[in-house]
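Under my numbering, the residues of the sequence shown are numbered 577 to 1093, in order. All C-beta atoms, glycine included, are put in the ideal place defined by N, C-alpha and C. Treat the numbers as computed from the prediction; the structure is a model and nothing was measured.
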Amino acid sequence: MEQREDRLSRLPDDILHSILRGLPLKHAARTSALSRRWARTWLRALASSRVLDFTDHDFARGQAPARAAATVSRCLQLHAEYGAPLDVFRLAVTAPAPAPGSTGAFERDVVGWVASAVARGAREVEVDLRPLPPPPPLAAKADAGDESAAFVELPGDLFVATSSLARLALGGFRLRAVPAGLAEGLRSLSLGHADVTDEAVRDIVSSCRALEVLSLQGCNLLRSIRIDGETLRSLEIVRCLGVRELRVNAPSLESFAFHGDNVYSTSDDDDEDLSSAVDLGSTPALRDAYLSHIGFDDAKNAYDEREYAYSNFLSCVAYARVLTLCSVGLLHLWAQLSYDPLVEIDMTSVQELQLLMSSLGEDDEGLHSFSSFFELYPLPLLGRLFVSLPSHTAGASEAPTALPGEVVDDSKLMFYGYDDDFVLDQLSYIKLVNFRGTRFELQLLAFLLKRTPGLEQLVLVTVREEGGAPGDERVIQGWVSAMQKVSPEAQLTVCQSSEDRSQNPVHTRLYHELLEE
């Protein structure tokens, strides 16, 4: 029988190389079994690529560290021998646990890889040595810091001022000694689960004079973060559990994100102002801000000076056009009303607001904190409101659900007499995600529909529970149609998340959900 033509192998090498570079390394290597030519083809494709990416889960995480290290070293050697330019080097592999008598071979390999990539002019280096996250509830313990965790020591002089490095992302490293002139052209720096001190962060930012993006995640040695960056445009601080002071001087800052415990001083000095632990300075260009304490700060057990700490923190970012807050913060503001009802926070510039609700509000506090927020803090320019209801809350299916045809209103909400007849004139779009049809959710919805004369679209994204959602589309439409509304022409959309094609908020990365996953 005539042999069938191999049309794929007859393609020019440059096209084959382009195809192979688009495959995960493990799958590209498997093509060597096709023929001798393919064995050479995938190696040449690798050696001539400007991007070396070892972050594929099956390759990097699915084998022993020693074997992964041997593969990475061999690939870097082949690439160097070919002499092709290297623009990007990415690696994600689990570092081996420290063992008695260890020679430190893995640590030397990692430092060598980073040094090689930087020396060859790579503009982007990303190396993540963090272990896979443990399942809850162990995740919370792991995030609190493990003294036995291994960190790879990275020499500070590895990144010299003459390097081409523009983006550096490191996970699971120790970086203490920071020499002057560190990577002056660096524009983006991300440190995750890093053994780094307050002084090191300060020195890094001052040395990187072109730095625009800084991300600190799980750096639990940090206590007093002081950042002075004239060019800094984006700052992200996530799960840095020891932080008790945050001082930022970044006049060009456009985006700010914080997820962690409420920042307040622990000084024993009675004259210490606990609310002054956060100072973001003057940030006239601030466009969006994300402030969440979900999973870290139980506001119900913190009716003390921490309320002042929260309101001070919020006032530092409240004038951003896009704002994401959480229910823990709303409870802090509500608790503060009991002894200081005149706290002023200017949110008159907010055009998009997202509220992250961490509980189903089985008591009245969640409802009251929600309503009082809108009553006390005017939002004259608010056009889009997103409410993210709990997605993985224990006992969610046991929360009280309204009956089909039942009329639910906001009569149980508590007002404070300042302006209980207020309206949100500019609000035209409301979206509730993880909607189950509980009385808590329907009361929030009734509260909003009575105060939005310009509402054009209401989107309810439902959650499919075991045995089906608590209410189908017709039941939900019945609830909504029975509510008092000042904008009867508003369009209602009810859908599941897989069917949702509606507008999403600016902040789609919810840090508390990433921790749960």
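Leaving out five residues on either side along the sequence, give the residues of the same chain with a beta carbon under 7 Å from the beta carbon of residue i.
i: SER782; result: ASP804
i: ILE921; result: SER887, LEU890, SER891, ALA894, TYR953
i: LEU734; result: VAL690, ALA691, VAL694
On the criterion of 16 or more Cβ atoms from any shown chain inside 10 Å, does residue i qualify as buried, or is it exposed?
i: SER1078; result: exposed
i: ALA646; result: exposed
i: HIS908; result: buried
i: ALA865; result: buried
i: GLY747; result: buried
i: GLN793; result: buried
i: GLY697; result: exposed
i: PRO966; result: buried
i: ALA695; result: exposed
i: ASP575; result: No information on residue 575 is available, as it lies outside the stretch 577 to 1093 that the chain covers here.
i: TYR658; result: exposed
i: ASP997; result: exposed
i: ASN1080; result: exposed
i: HIS835; result: buried
i: THR1028; result: buried
i: HIS1088; result: buried
i: GLY857; result: exposed
i: SER739; result: buried
Can you tell me whether DSSP reads residue i as helix, strand or coil?
i: CYS795; result: coil
i: TYR1087; result: helix
i: CYS902; result: strand
i: ALA786; result: coil
i: ALA715; result: Because ALA715 sits at a pLDDT of 44, beneath the cut-off of 50, its placement in the model cannot be relied upon, and the following sentence gives the value as read from the coordinates. Correct three-state label for ALA715: helix.
i: HIS908; result: helix
i: ARG666; result: strand
i: ASN877; result: Low per-residue confidence applies at ASN877: pLDDT is 47, beneath 50, and the placement is therefore not dependable enough to give any value.
i: ALA642; result: helix
i: CYS892; result: coil
i: GLN1067; result: strand
i: ASP855; result: strand
i: ILE813; result: strand
i: VAL648; result: helix
i: ALA865; result: strand
i: ASP733; result: helix
i: ARG752; result: coil
i: ASP997; result: coil
i: GLN1002; result: coil
i: ASN1080; result: coil
Measure the beta-carbon distance from residue i to residue j and round it to whole angstroms, keeping in mind my assumption that it falls under 8 Å.
i: LEU1020; j: LEU958; result: Not quite, the Cβ-Cβ distance comes to about 15 Å (not below 8 Å), so this is no contact.
i: PHE946; j: LEU906; result: 6 Å
i: ALA660; j: PRO641; result: ALA660 to PRO641, Cβ: 27 Å. No contact.
i: MET933; j: VAL898; result: That pair is no contact at about 18 Å.
i: ALA853; j: LEU822; result: 7 Å
i: CYS784; j: GLU760; result: 7 Å
i: HIS1083; j: GLN927; result: Between GLN927 and HIS1083 the Cβ distance is about 13 Å, and since that is not below 8 Å, they are no contact.
i: LEU1036; j: LEU1008; result: 5 Å
i: ARG799; j: VAL814; result: ARG799 to VAL814, Cβ: 16 Å. No contact.
i: LEU862; j: LEU901; result: Their Cβ separation, rounded to whole angstroms, is 15 Å, which puts LEU862 and LEU901 out of contact at 8 Å.
i: THR1038; j: VAL1062; result: Incorrect: roughly 25 Å between the Cβ atoms, too far for contact.
i: GLN1002; j: PRO956; result: 7 Å
i: ALA1109; j: LEU808; result: Shown here, the chain extends from 577 to 1093; a query on residue 1109 therefore has no answer.
i: ILE801; j: ASP774; result: 7 Å
Residue i lies in the beta strand (DSSP E); which residues open and close that run?
i: ARG960; result: 960-964
i: ILE801; result: 800-804
i: VAL1035; result: 1033-1038
i: LEU1008; result: 1005-1011
i: PHE630; result: 627-630
i: HIS835; result: 831-835
i: LEU932; result: 928-932
i: ALA745; result: 743-747
i: GLU765; result: The question names Glu, but residue 765 in the sequence shown is Leu. Residues 764-768.
i: ARG823; result: 821-825
In chain order, what residues of the same chain have a beta carbon less than 6 Å from the beta carbon of residue i, not counting five sequence neighbours either side?
i: SER810; result: VAL789, SER831
i: ASP771; result: PHE727, ARG750
i: SER766; result: ALA745, SER791
i: ASP700; result: A quick correction: the sequence has Glu, not Asp, at residue 700. Closer than 6 Å at Cβ, skipping near neighbours: VAL664, ARG743.
i: GLN1060; result: LYS1026
i: GLN1033; result: TYR1005, GLN1067
i: GLY680; result: none
i: GLU702; result: ARG666, ALA745
i: ARG960; result: GLU928, TYR1005
Quick one: residues in its chain with C-beta nearer than 8 Å to the C-beta of residue i, no 5 flanking neighbours on either side, listed in chain order?
i: ALA656; result: SER692, ARG696
i: ILE534; result: Beyond the ends of the chain as shown, which are 577 and 1093, falls residue 534; an answer cannot be given.
Which residues bound the alpha helix (DSSP H) around residue i?
i: LEU1056; result: In the sequence under discussion, the amino acid at residue 1056 is Val, which differs from the Leu named in the question. Element bounds for VAL1056: 1049-1058.
i: GLU1017; result: 1015-1025
i: ASP704; result: Segment 700-704 is the beta strand (DSSP E) holding ASP704; no alpha helix (DSSP H) there.
Considering only heavy atoms of the ligand HEM, does any lie closer than 7 Å to the CB of residue i?
i: GLN653; result: Within the structure as shown, the ligand HEM is missing, as the structure has no ligands at all.
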